[in-house]
Amino acid sequence: MLPLLALAACLGGCSSAQKISALSGTTGGWYSVAANQTAFYHYGPQQGHGPDQQLPKDALMKVIRPSFGYVKVQLQNGENGYVASEDIRTASAALVAEKLAPPLEPPAPLIANHEEQFQMNSNDPRLIAPPEPLPEPFPAESAAPEFR
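Numbering-wise, the sequence shown is residues 579 to 726 according to our numbering.
What follows is the structure, encoded as structure tokens:
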């Protein structure tokens, strides 16, 4: 009976060790959130104020190391933290290609040639400034104020 118990303990320990080593062996690969969303903790799941953010489904991350039902990950933006290991899976090649594709370059702006934009020698009356009124040559003398 004792040898069977020892064998069962050994096999039970091996299965969890295989799971951890499977995650450890693919540390350089991309993983994604498999659940609808998962909690992300900067300092670990036992931090005092709950999760720092919720990661949406298919958010990409790299696994740094497993840690007691959670894995330490690095998000695409460089943030490090912890997520539940049951909420992530190996990311598909299509998802990685979609998320890591460089953004499309905007089309070049259409610039009209300089002559089409504005002619400086235009005779359009709307572009001619109105004449400024000139001051009177001699100010009109006003009557001296009466003091009483």
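Beta carbons are placed, not taken as given, at the ideal position from N, Cα and C, and that holds for glycine. It should be emphasised that the depicted structure is a prediction, and the values quoted were computed from it without experimental measurement.
When the Cα atoms are used, what is the spatial distance from residue i to residue j?
i      : j      : result
Tyr609 : Val649 : 11 Å
Glu664 : Gly647 : 8 Å
Gly622 : Ala613 : 19 Å
Thr605 : Pro684 : No answer about Thr605 holds up, because its pLDDT of 37 lies below 50 and its placement is not dependable.
Gln624 : Ala686 : 51 Å
Leu682 : Ser670 : 22 Å
Arg575 : Ala637 : It is not possible to answer for residue 575, since the shown part of the chain is limited to 579 through 726.
Gly607 : Leu688 : 42 Å
Val661 : Glu676 : 22 Å
Gly626 : Ala672 : 37 Å
Pro708 : Glu724 : 41 Å
Ser599 : Ser645 : No answer about Ser599 holds up, because its pLDDT of 39 lies below 50 and its placement is not dependable.
Glu714 : Ile706 : 24 Å
Are the beta-carbon atoms of residue i and residue j separated by less than 7 Å?
i      : j      : result
Lys640 : Gln652 : yes
Pro634 : Gln615 : yes
Phe618 : Gly659 : yes
Per DSSP, what are the beta-bridge partners of residue i in this structure?
i      : result
Leu633 : Thr616
Asn658 : Gln652
Ile642 : The partner list for Ile642 (beta bridge, DSSP) is empty, contrary to what the question assumes.
Span of the alpha helix (DSSP H) holding residue i?
i      : result
Ala672 : Ala671 to Leu678
For a test of the three-state rule: what should DSSP assign to residue i, helix, strand or coil?
i      : result
Leu601 : For Leu601, the predicted model reports a pLDDT of 45, less than 50, meaning its position is unreliable; a value from the coordinates is still stated below. Three-state DSSP puts Leu601 in a helix.
Leu705 : helix
The beta strand (DSSP E) with residue i in it runs from where to where?
i      : result
Tyr609 : Trp608 to Val611
Is there a C-beta anywhere in chain B that falls below 7 Å from the one on residue i?
i      : result
Leu712 : Protein chains in the displayed structure number just one, and chain B is not present.
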